[in-house]
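In the numbering used here, the protein residues as written are 151 to 317.
Structure first, then comments.
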Amino acid sequence: MLLCNQSAELPYLELAGGNWNAIVSLLESGNAFYSRFYKNRVTYLSPALYFALKPHRRRAERLDETSARLLAFLHAAGEASAEQMQKMCLLEKKAQTEALNRLVSELFVTVIRRDVTKSENWCSFTYGPAERWEEKQARDLGAVGVGEAEEILLRQLSQKQVQSLLK
């Protein structure tokens, strides 16, 4: 688990010696999963951690109507940029952003690829259902044991933090 921006609590991209283009390459190749798992901050997950967390997230009952509609659109379209989602789902920018963040937090949606490069250190993304990202993974990664998420998270977090994240 790696955060995008600086943190006193967890490793972050710059601290780990990474840069923007390196993490985007990892996202595109399927070697990292874009999420908002930790405190709703951009959090990059390893494939092993994603599959271990999957049984604890993907809670459809936590999705509001807008998020559910956006997810249905992404399943039908396969992938879309934030602007395309906003236009095709007839959403205001704020509503689209909130719905997308909820889907990313619940691990329903992730980054599929780079969309528009804005600068050397920034780009927009094309998002898609997590199942599209899973297609890039080795088949044996999907089988996880009970308690595996907790075991992985305890390498970086306290028991109390882990329990809070997994509930």
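All C-beta atoms in this analysis are idealised placements derived from N, C-alpha and C, irrespective of residue type, glycine included.
In this text the structure is predicted, and so the values were computed from the model without any measurement.
Check: Could I get the ranges of all uninterrupted beta strand (DSSP E) runs contained in the region 224-307, with 3 residues as the minimum, in chain order?; Outcome: 259-269 and 272-279
Check: Are the beta-carbon atoms of Q306 and L160 separated by less than 8 Å?; Outcome: yes
Check: Helix, strand or coil for S175? Go by DSSP, reduced to three states.; Outcome: helix
Check: Just to confirm before moving on: does the CB-CB distance between R207 and L257 stay below 8 Å?; Outcome: yes
Check: Could you give the DSSP three-state label for L152: helix, strand or coil?; Outcome: strand
Check: With which residues is E188 paired in a DSSP beta bridge?; Outcome: It is Tyr, not Glu, that sits at residue 188 in the sequence shown. Partner(s): R191.
Check: Let me confirm a value: A166 is counted as buried when at least 16 other C-beta atoms fall within 10 Å, else exposed. Which label applies?; Outcome: exposed
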